[in-house]
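UniProt numbering numbers the first residue of the sequence shown as 1 and each following residue consecutively. Quick notes on the structure that follows.
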Amino acid sequence: MLNSYFKSKKKGLSLEEKRTRMMEIFFESKDVFQLKDIEKIAPKTKGITPMSVKEVLQSLVDDNMVDCERVGTSNYYWAFPSKALNARKHKLDELQKQISEAKQRKVSLQKLVEKAKVGRQDTKERSSLLKELQALREERTGQQAELEKYRECDPEVVEEMNNVFAIKSWTKKKFAFDDSRINKAFGIPEDFDYMD
């Protein structure tokens, strides 16, 4: 019983359906209306709820589908089929231009891909050069790791460490601070020391 009640009850119109029906009012009459006229006509002839007429009309004005002009204290609304046709033609031209530009961009990118492929054919010489390049990169990584091991012996690093210890020694003598307080104040790690 309850299910049949809900099935028989008419579903409300979507915003898009309301917009389409309101445009029909303008196209069929080819007339100019005030808001109060549309608020009377739309519910009776097109089934648009009175509460949503103003909102639907404003959405059409915002999308430039309906023109609105203030004359004195009243707003007048109109839309003619020729304007809608011109708007559709303009939109179609715009979309066709975008398609054309996209096709041109695709062709130019395909040319760039083909150009990039030249000289990159999979030959024996190319594959041996790629293997050699990979081996050289691995060798460089190994050498950088080896170099990092000897970083502590770098004269610049040793000089910086000497300077840090000199400042710590001077601070200890001048202000009678202990090592942990100095380390904390200057952000020096507790395990900071020369390598053995």
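We treat Cβ as the ideally placed atom computed from N, Cα and C, and that holds for glycine. Just so it is clear, the structure is predicted and the values come from calculations on it, not from any experiment.
Per DSSP, the bridge partner or partners of residue i
i, result
"glutamate 69", "Tyr76"
"phenylalanine 33", "Tyr77"
Whole-angstrom distance between residue j and residue i, CA atom to CA atom
i, j, result
"isoleucine 182", "valine 157", "20 Å"
"glutamate 132", "aspartate 193", "41 Å"
"phenylalanine 175", "glutamate 159", "24 Å"
"phenylalanine 26", "lysine 111", "51 Å"
"proline 189", "serine 180", "9 Å"
"serine 128", "alanine 116", "20 Å"
"methionine 51", "asparagine 64", "22 Å"
"glutamine 144", "valine 118", "34 Å"
"methionine 1", "threonine 49", "Here methionine 1 scores only 45 on pLDDT, less than 50, and its place in the model should not be relied on; the value that follows carries that caveat. For methionine 1 and threonine 49, the distance between alpha carbons rounds to 27 Å."
"glutamate 114", "lysine 97", "26 Å"
"lysine 7", "glutamate 101", "Interpretation of lysine 7 is limited by its pLDDT of 47, a score under 50 that renders its predicted location unreliable; the figure taken from the coordinates is listed afterwards. One C-alpha to the other measures close to 50 Å."
"valine 107", "isoleucine 99", "12 Å"
"leucine 147", "glutamate 139", "12 Å"
CB of residue i within 7 Å of CB of residue j, strictly
i, j, result
"arginine 19", "leucine 60", "yes"
"arginine 21", "lysine 44", "no"
"phenylalanine 177", "threonine 171", "yes"
"alanine 42", "valine 53", "yes"
Boundaries (first-last residue) of the alpha helix (DSSP H) holding residue i
i, result
"isoleucine 182", "179 to 186"
"glutamate 132", "124 to 149"
"glutamine 58", "53 to 62"
"threonine 171", "155 to 175"
Exercise for the section: Would you check if the stretch 31 to 47 and the stretch 65 to 79 touch, i.e. whether three or more CB-CB distances between them fall below 8 Å? Expected result: Contact between the stretch 65 to 79 and the stretch 31 to 47 is present, because at least three Cβ pairs lie under 8 Å.
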